[in-house]
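This report concerns only the one structure given below.
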Amino acid sequence: MITRLGSWIGKHLMLTLGILVLIYMYIPNMIVALMSFNDSSESRNLYTFQAFTWDNWLNPCEPQGMCEALQVSISIGLLSTLVSTTIGTLAAFALVRHRFEGRSTMNLMLFLPMATPEIVMGSSLLALFVAAGFGGQLGFWTILIAHIMFNISFVVVTVRSRLAGLDSNLEKAASDLYANEWQTFWRITFPLVFPGILSAALLAFSLSFDDFIITNLNSGTTVTFPMFVWGAAQRAIPMQVNVIGTLMFIIALSVVIGGEVMSRRRAKGKAAAF
Amino acid sequence: MAALQRVFGKNTAYWLIGPAALWLAAFFAFPMLSLLSTSLSDPAGSPITGYQMTFRIQNYVEALGDYWPYMARSLWYAGIATVLCLILGYVLAYAIAFKAGRWKNVMLVLVIAPFFTSFLVRTLSWKLILADNGWLVESLQWLHILGEDGRLLATPFAVVMGLTYNFLPFMILPLYTSLEKIDPRLNEAAADLYSSPWQRFTKVIWPLSLPGVVGGTLLTFIPASGDYINSDLLGNPNTQMVGNKIQTLFTDASDYPHAAALSVILMVLIVGMVLFYVRRAGTEDLL
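If you're matching them up, the sequences are chains A and B in order.
For the first sequence, our numbering gives the first residue as 233, with consecutive numbering after it.
For the second sequence, our numbering gives the first residue as 741, with consecutive numbering after it.
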């Protein structure tokens, strides 16, 4: 067994090293999952595993303010995903399908937010809000505005690459078969681009849900989930935070795997139909 | 699209791009101007009463004079983290692109998946791994790699490690995209012409993957240089980066003009480095 493993590693050195890097990427996730079962009621040292318990999973909302913060993050995440995915998808269509004046300026404008450190983006928005006299009203809406802003570029890039990789012959074939423009769009173009839109939305939600630096500067007294974690980390981190982290991981992974299975099944169905 | 064309005529593209353009103009470009104006304002004001714009260049001199070590430390840490990300990321991206076979998609999903456990929560868990009485520190002490009272947490090592870990996916994805485009037959052809594996890598694969290297390096270096979460959670007061300073100047000290000046300096430094680097590497079609 061990010699067989040894010769496999010898033959697949790069793959083995790659898998090691992948494992490294998962170390914290495993620790988070493990700590979600940690019984921390007895001890003050919250950075070591004490005893096994289901309690954290049974009462995830026990830490004061955590689930409220979670709710804020989810609402902002959903709203910013909806708006940025819509706006970004339209923009991606414009950039791939149209040649218009100002196109390269637009490309630059979409690239810049991704090339700007978050702290600079966050502080510039804060400077704007304060200069405009909104300094006292920082909160849900200012966070939402900021999140939509940084999500747009990522949505455009994701949808655009999907759209650019699309074989335009499929659309031509549809119109050869007497489909009108709307039919072509809804039956051919949109379903083919949809996986790109879906992954853009997933990316936008996770970026929004996870953002700390920009949010912290523009949040006023509103507390999002990452801000709750940050605040808790200065004192003692409740183990339920790990439950939320693990849950999110499981949900996101099921969405991704579900999507993959569906697209495979659809591909198989199509192959069978031919 | 043609149906839209009929409704909007020649302006379809502008109707499609309009919302994105307006949003970015209002909440990205315009704030940058606001930041610039704040950085030149009189620090005597306050966030509530507002700041008087006096073209006070002095803010920049003071900000740099007081905080240049934080700036230097940021660029230094971010630089090392980027190099480490490049090494680790190249290995994984290479393995996925050329060696994973039918497991390609699964491995790609696995690269993105850790993202979905909150970034802060994962960073905090490194605190546990690197802890003073943790198994890692104790094994390193037992192996005499680390001294008796040596530690990992609250050192520059921990901060750089955190940065490397957190920004690794940003390196892997662009690298993978450009490696994936390389025709494996080029590699075979080089082998047929008696080149060694190392020559094949340096003369064929590496040059062809340069767009990914440039893209990945920028996507890692830029956020890493502005980050302060890793240095705050894993470091100590002597590992503070410029992000820490900007954040505290804004929120705790309410010294907006100096904070804004520091932000502008960081931005200018990064834009300068990006332009220089992109020109040297010769790939201007980043997007």
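Glycine included, every Cβ here is placed at the ideal spot set by N, Cα and C.
Predicted model only: the values in this text are computed from it and were never measured.
Review point. For a contact meaning CB atoms closer than 8 Å, what does W373/A contact in chain B?
Key: Against W373/A, chain B offers no close residue; the least beta-carbon distance is about 12 Å (beta-carbon pairs closer than 8 Å).
Point to revise | Proximity to F941/B [Cα-Cα], best of V831/B, F770/B and L776/B | key: For the residues V831/B, F770/B and L776/B, the minimum Cα distance to F941/B belongs to V831/B.
**Study point:** Sufficient close CB pairs (3 or more, under 8 Å) joining the segment 335-351 of chain A to the segment 368-385 of chain A
**Key:** Because the criterion of three Cβ pairs below 8 Å is met, the segment 335-351 of chain A and the segment 368-385 of chain A touch.
Exercise for review: Alpha carbon to alpha carbon, how far is A484/A from R467/A? Give it in angstroms, no decimals.
Suggested key: In this structure, the alpha-carbon of R467/A lies about 29 Å from that of A484/A.
Point to revise | Test item: CB-CB of I308/A and L376/A under 8 Å | key: Yes, Cβ-Cβ distance for I308/A and L376/A is below 8 Å.
Practice item. For R813/B, count neighbouring C-beta atoms within 10 Å of its own C-beta (all shown protein chains included) and say buried if the count is 16 or more, exposed if not. Key: Buried, by the Cβ-count rule.
Point to revise | Cross-chain neighbours of R862/B in chain A, by beta carbon under 8 Å | key: P260, N261, V264 and G477, listed in chain order.
Check your understanding: By how many angstroms is the C-alpha of I986/B removed from the C-alpha of H330/A?
Key -> It is roughly 41 Å from the alpha-carbon of H330/A to the alpha-carbon of I986/B.
**Study point:** Under 8 Å by beta carbon: chain B residues contacting G320/A
**Key:** The answer, in chain order, is A760.
**Study point:** 8 Å Cβ cut-off: residues of chain A touching A840/B
**Key:** Here the neighbours are L247 and G250.
**Study point:** Neighbourhood of G491/A by C-beta, 6 Å cutoff - its chain only, sequence neighbours within 5 removed
**Key:** Taken in chain order, the list of residues that qualify is empty.
Practice item. Report the option in W843/B, H998/B, F768/B and G1012/B whose CA atom is closest to the CA atom of L780/B. Key: L780/B has its Cα closest to that of H998/B, out of W843/B, H998/B, F768/B and G1012/B.
Review point. Is Y800/B near the ligand MG, going by C-beta to nearest heavy atom under 7 Å?
Key: Looking at this structure, you won't find the ligand MG or any other ligand, since it has none at all.
Check your understanding: Which value, in whole angstroms, describes the spacing of the CA atoms of K839/B and L950/B?
Key -> One C-alpha to the other measures close to 20 Å.
Review point. Grouping DSSP H, G and I as helix and E and B as strand, with all else coil, what is S268/A?
Key: Under the three-state reduction of DSSP output, S268/A falls in the coil class, being neither helix nor strand.
Check your understanding: From L424/A to V389/A, what distance separates their C-alpha atoms?
Key -> L424/A and V389/A: Cα-Cα distance of roughly 16 Å.
Check your understanding: With a cut-off of 8 Å, does the C-beta of V391/A fall near any C-beta of chain B?
Key -> No, because no Cβ of chain B sits closer than 8 Å to the Cβ of V391/A.
Practice item. Could you please give the first and the last residue of the uninterrupted alpha helix (DSSP H) stretch that includes F460/A? Key: It spans F457 to Q466 - the alpha helix (DSSP H) in which F460/A sits, taken as one unbroken run.
Review point. Should the segment 456-467 of chain A be called in touch with the segment 874-885 of chain B, which here means at least 3 C-beta pairs below 8 Å?
Key: No, the segment 456-467 of chain A does not touch the segment 874-885 of chain B.
Check your understanding: Mapping DSSP to helix, strand and coil, what is M981/B?
Key -> Residue state for M981/B is assigned as coil, using DSSP reduced to three classes.
Check your understanding: Name the chain A residues whose beta carbon is nearer than 7 Å to that of F1000/B?
Key -> One point to set straight first is that residue 1000/B is Ala, not Phe, in the sequence displayed. Within chain A, the residues S355 and A359 have their CB atoms less than 7 Å from the CB of A1000/B, given in chain order.
**Study point:** DSSP state of G887/B mapped onto helix, strand, coil
**Key:** Coil.
Practice item. Could you check which residue in A766/B, T904/B and T789/B has the C-alpha nearest to that of S971/B? Key: Nearest C-alpha to S971/B: T904/B.
Practice item. Inspect the beta-carbon positions of F990/B and L449/A and report whether they are closer than 8 Å. Key: Yes; because the gap between Cβ atoms is below 8 Å, this pair is in contact.
Exercise for review: Taking C-beta pairs closer than 7 Å, name the residues in chain B that T348/A reaches, listed in chain order.
Suggested key: Ordered by position in chain B, the residues that pass the 7 Å Cβ test against T348/A are M1007.
Check your understanding: Any Cβ of chain A within less than 8 Å of the Cβ of L1026/B?
Key -> Confidence in L1026/B is poor, its pLDDT being 49 and thus under 50, which makes the residue's placement unreliable; the coordinate value appears in the next sentence. For L1026/B, the answer is yes, since a Cβ of chain A falls inside 8 Å of its Cβ.
Review point. W462/A CB to nearest chain B CB: under 8 Å?
Key: Judged by the 8 Å Cβ criterion, W462/A is in contact with chain B.
Practice item. Within its chain, find whatever has a CB closer than 6 Å to the CB of G477/A; leave out the 5 residues flanking it on each side and keep chain order. Key: Answer for G477/A: V264, listed in chain order.
Review point. Is I234/A buried or exposed, if buried means 16 or more other CB atoms sit within 10 Å of its CB?
Key: Exposed: under 16 other Cβ atoms inside 10 Å.
Check your understanding: Between the C-alpha atoms of F897/B and R891/B, what's the straight-line distance to the nearest angstrom?
Key -> Approximately 10 Å between the Cα atoms of the pair.
Review point. Can you name the residues that DSSP bridges to G790/B?
Key: According to DSSP, G790/B bridges with S786/B.
Practice item. List the residues that DSSP assigns as beta-bridge partners of F284/A. Key: Answer is N270/A.
Exercise for review: Using only alpha-carbon positions, find the residue among D443/A, L435/A and T456/A that is nearest to V487/A.
Suggested key: Out of D443/A, L435/A and T456/A, L435/A has the C-alpha closest to the C-alpha of V487/A.
Point to revise | Cβ-based neighbour list, L776/B, same chain, cut-off 7 Å, excluding 5 preceding and 5 following | key: Excluding residues within five positions, the ones whose Cβ falls inside 7 Å are V1004.
Review point. According to DSSP, what are the bridge partners of S865/B?
Key: Bridge partners of S865/B: none, in fact.
Check your understanding: What residues are listed by DSSP as bridge partners for S307/A?
Key -> None, per the DSSP bridge assignment.
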